[in-house]
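In my numbering, the protein residues as written are -3 to 51. Virtual Cβ for every residue (Gly too), placed ideally from N, Cα, C.
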């Protein structure tokens, strides 16, 4: 299973609200004070990410 790490809380909440399950939350490798949200990568998730980048 491929996964996607999301650093933005706003985007993680948007993905969760649209039915994508958070698989795990872990400290960021780059900034351990921050969390990253791990989701299963899918075409539907990629569609939401594409639309989010356009905003």
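Spatial neighbours of residue i in its chain, beta-carbon cut-off 7 Å, leaving aside the 5 residues before and after
i: residue 16; result: 35 and 41
Assigned secondary structure, residue i (DSSP; H/G/I helix, E/B strand, else coil)
i: residue 26; result: coil
i: residue -2; result: coil
Where the alpha helix (DSSP H) through residue i begins and ends
i: residue 50; result: 39 to 50
i: residue 52; result: Shown here, the chain extends from -3 to 51; a query on residue 52 therefore has no answer.
Residue i versus the options, residue with shortest Cα-Cα distance
i: residue 26; options: 19, -2, 2 and -3; result: 2
i: residue 5; options: 30, 19 and 46; result: 30
i: residue 32; options: 38, 24 and -1; result: 24
CB-CB length for residue i against residue j, believed under 8 Å
i: residue 11; j: residue 44; result: 6 Å
Residues of its chain near residue i, where Cβ-Cβ distance is below 8 Å and the 5 sequence neighbours each way are ignored
i: residue 48; result: 7 and 10
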